[in-house]
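Working notes, beginning with the structure itself.
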Amino acid sequence: MYIGEDVNRGFLLIVAAVAAMVAVGGVLASGVLHQGTDYEGRTVTLIDHLDRGEYDEVFEMFDDTMKEDPSAKNLQATWEEHILSNYGQFGTIEEIDYTDQTPYRIAQAYCHFMYGGLCITVVYNIGGTVAGLFFGPWNTDDDMNLPEGLKESDVLINKGTEWELAGKLTGLTGGITGTAAVLVHGSGPSDMDETIYTNKPFRDLAWGLAESGIDVLRYDKRTYAHGAAMASMDKLTVEEETIQDAIAAGVMLREMGYENVYLIGHSMGGMLAPRILEECPGTFDGFVSMAGSPRTLTEIIIDQNRAAIEELEGEQREYYEGLIEAEIGKLDLMDRWTEQELLSNTVFSLPAYYVKEMNSHDAAEAARGLDVPMLFVQGSADFQVSVEKDYEAWRDAMKGESSAGFILYPGLNHLFMVSQGDDAGTLREYAQKGTVSNTVIEDIAEFILG
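As structure tokens, this is what we get:
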């Protein structure tokens, strides 16, 4: 296993975007035969130890395999640098749900933190030792209701398969319009609303575009709905994480009778948009890349890690600069590693196999090979994806391509919400309640509807 952080919350000092979820050790399968063990008590105790900073006590709850996992030994850094720094102080446990996947019992504790909800997943062996520990977002409800004149239908992507995903199709009450869009997430586990703290950018997009006459399909990401199973995959790539489900969603809309289907990808979804269309000719009529990039994943990770230590000084800065340079050094080795070495090593906390597969695809080249309308949008106040290095890179790459359009929005952040307040330009900015700019939604609607 490996430790990582959702790209939508930024990169923190040598921690990259996770393809599966913030994870500590463990191998997952399925579970029964757990009578006689107080799993609720154990789960509450584990979380209480974390809250008190009693990491040795948590470590003692792990099974022997977990104790040997490098990420388990970094539990304190995971909790303090990646959980508390993003979500704030732990508050209360709302509820704990249980599922059995032989021979494991999986407890999912839905917890309130200062800046939002978090699901802490604990995987138990028979007898109660901990075989896996995962941290992922929890979609806490808010008080916003579906706007009048719209309807939402529950749908399933990959229905009847092991990767079934819950989704919603949003549209006008009068019936399907003939034009639809699929929303594709950034990296890391994410629900169908792409919930970040109390913000729900995908819900904003779905409702706003639907009011303009575009039906919108959004769904839980595979690493959100099946995080434990995904984390146990040896050869996980963006194909399994994102691409297959985006294509399945597009195909489903075609089968439902939609004549025009567009893909709207945010962050890594915007990076992957050209590749997705390249892999399924005729499924999508065009795409929108929102805060995407034609650069490689590792180029972006390096920049974001360097930016994260800019304000550090002295020995502390030197220490983290050394860590960054050590990870950069792995990139040269990665090209010479065997498949087994790629599977057993990490680069910026991501599996090397995952990184090399993604870096082997050129987003700009794929975009230039498409004969469809493309729109690239970016917020000027986005501190995660650079205007100069990413947005302008798209402009340079697509120069002379009449099918490509570009819009830069002053003052909008990575979520296409207004960047404001004392926390502007930092991860805490996303804890402020906001909505996706109406101007962005109107521009995307105009692009799709022509």
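Terminal number for the sequence shown in numbering that gives the first Met the number 0: 449, no gaps in between.
Where a beta carbon is used, it is the ideal one built from N, C-alpha and C, also for glycine.
Worksheet item: Distance, Cα to Cα, Met270 vs Leu235?
Response: Straight through space, the alpha carbons of Leu235 and Met270 are spaced by roughly 18 Å.
Fill in: Whole-angstrom distance between Asn358 and Leu296, CA atom to CA atom
Going by the C-alpha atoms only, they are around 7 Å apart.
Item to complete: Sort Asn124, Gly126 and Glu94 by Cα distance to His111 and report the nearest one.
Response: His111 has its Cα closest to that of Glu94, out of Asn124, Gly126 and Glu94.
Worksheet entry | Residues near Arg394 in its chain [Cβ-Cβ closer than 8 Å; skip 5 each side] | Taken in chain order, the residues that qualify are Phe375 and Phe405.
Discussion item. Is it the case that the segment 306-318 contacts the segment 398-413, given that we only count it when at least three CB pairs across the two stretches are under 8 Å?
Written reply: They do not touch, by the three-pair rule.
Practice prompt. Could you name the residues that DSSP lists as bridge partners for Leu171?
Written response: Assignment of beta-bridge partners to Leu171 by DSSP yields Leu149.
Worksheet item: Would you call Ala205 buried or exposed, if buried means 16 or more other Cβ atoms sit within 10 Å of its Cβ?
Response: Counting the other CB atoms within 10 Å of its CB gives Ala205 a total of 16 or more, which places it among the buried residues.
Worksheet item: What are the boundary residues of the alpha helix (DSSP H) that Arg335 is part of?
Response: Where Arg335 is concerned, there is no enclosing alpha helix (DSSP H), given that its DSSP letter is neither H nor E.
Worksheet item: By how many angstroms is the C-alpha of Arg274 removed from the C-alpha of Ile242?
Response: The straight-line gap from Cα to Cα measures roughly 8 Å.
Practice prompt. Would you tell me roughly how many angstroms separate the C-alpha atoms of Glu163 and Gly249, rounded to the nearest one?
Written response: Taking the straight line from one Cα to the other gives about 15 Å.
Worksheet item: What first and last residue would you give for the alpha helix (DSSP H) that runs through Ala362?
Response: Ala362 to Arg367 is the extent of the alpha helix (DSSP H) around Ala362.
Worksheet entry | For Glu338, the nearest candidate out of Val354, Phe89 and Phe347 (CA to CA) | Cα-wise, what sits closest to Glu338 is Val354.
Practice prompt. Go ahead and pull the three-state DSSP assignment for Ala22.
Written response: Summary for Ala22: the model assigns pLDDT 44, below 50, so the residue's position carries little reliability; its value from the coordinates is reported in the next sentence. For Ala22, the three-state secondary structure derived from DSSP is strand.
Fill in: Exposure label - Asp203; buried when at least 16 CB within 10 Å
Classification of Asp203: buried, given that the 10 Å Cβ count is 16 or more.
Discussion item. Restricting to Cα atoms, I'd like to know which of Pro350, Lys72 and Gly126 is closest to Thr36.
Written reply: Shortest Cα-Cα distance from Thr36 to any of Pro350, Lys72 and Gly126 involves Gly126.
Worksheet item: Any idea what DSSP makes of Val435, helix, strand or coil?
Response: Residue state, collapsed to three classes: coil.
Discussion item. Report the CB separation of Leu149 from Ala209 in whole angstroms; it is logged as a contact under 8 Å.
Written reply: Confirmed, Cβ separation roughly 5 Å.
Fill in: Inter-residue spacing [alpha-carbon to alpha-carbon] between Gly410 and Ala380
For Gly410 and Ala380, the distance between alpha carbons rounds to 5 Å.
Item to complete: Just grab the DSSP bridge partners of Ile95 for me.
Response: DSSP output for Ile95 lists Ala108 as bridge partner(s).
Worksheet item: Taking just the CA atoms, how far does Glu391 sit from Leu262?
Response: C-alpha of Leu262 to C-alpha of Glu391: approximately 21 Å in a straight line.
Worksheet entry | For Ala28, the three-state DSSP class (helix, strand or coil) | In this prediction, Ala28 has a pLDDT of 32, which is less than 50 and means its spatial position is unreliable; nothing more can be read from the coordinates.
Worksheet entry | Minimum C-alpha distance to Gly177 - residue among Arg305, Glu387, Thr42 and Asp284 | Ranking Arg305, Glu387, Thr42 and Asp284 by Cα distance to Gly177 puts Asp284 first.
Worksheet item: What is the DSSP secondary structure of Phe347, counted as helix, strand or coil?
Response: Phe347 falls in the coil class under three-state DSSP.
Worksheet item: Quick one: what does DSSP say Tyr223 is sitting in, helix, strand or coil?
Response: In this structure, DSSP gives Tyr223 a helical state, which the three-state scheme calls helix.
Worksheet entry | Per-residue burial, Glu240 [other beta carbons within 10 Å of its own, 16 or more giving buried] | When all chains shown are included, Glu240 counts as buried.
Practice prompt. Assign Pro146 to buried or exposed, taking buried as 16 or more other Cβ atoms, counted over all protein chains shown, within 10 Å of its Cβ.
Written response: When all chains shown are included, Pro146 counts as exposed.
Fill in: Simplified DSSP state of His33, which is helix, strand or coil
Reliability fails at His33, whose pLDDT of 42 lies under 50, so the model's placement of it is uncertain and the value that follows must be treated cautiously. It is coil, neither helix nor strand.
Practice prompt. May I ask you to report which of helix, strand or coil DSSP gives Asp214?
Written response: In this structure, Asp214 counts as strand in the three-state DSSP scheme.
Item to complete: Using three-state DSSP, classify Phe283 as helix, strand or coil.
Response: Three-state result, Phe283: coil.
Practice prompt. Round the Cβ separation of Leu252 and Val181 to the nearest angstrom and send it over; I've been treating them as touching at under 8 Å.
Written response: Val181 and Leu252 do touch by the CB rule: their CB atoms are close to 7 Å apart, below 8 Å.
Worksheet entry | Whole-angstrom distance between Leu168 and Gly433, CA atom to CA atom | Put simply, the backbone Cα of Gly433 is about 23 Å away from that of Leu168.
Worksheet entry | Inter-stretch contact (C-beta, 8 Å, three-pair minimum) for the segment 184-203 and the segment 54-67 | No: fewer than three Cβ pairs fall under 8 Å.
Worksheet entry | Pair within 8 Å by beta-carbon distance, Tyr103 and Ala71 | Annotated as distal: Tyr103 and Ala71, with beta-carbon spacing of 8 Å or more.
Fill in: Beta-carbon proximity of Thr282 to Ile327, cut-off 8 Å
No, these two residues do not count as a Cβ contact at 8 Å.
Item to complete: Please say whether Gly135 and Met113 have beta carbons closer to each other than 8 Å?
Response: No, the pair does not count as a contact, with Cβ atoms beyond the cut-off.
Worksheet item: Any C-beta of chain B sitting closer than 8 Å to the C-beta of Gly126?
Response: The structure shown has no chain B; it contains just one protein chain.
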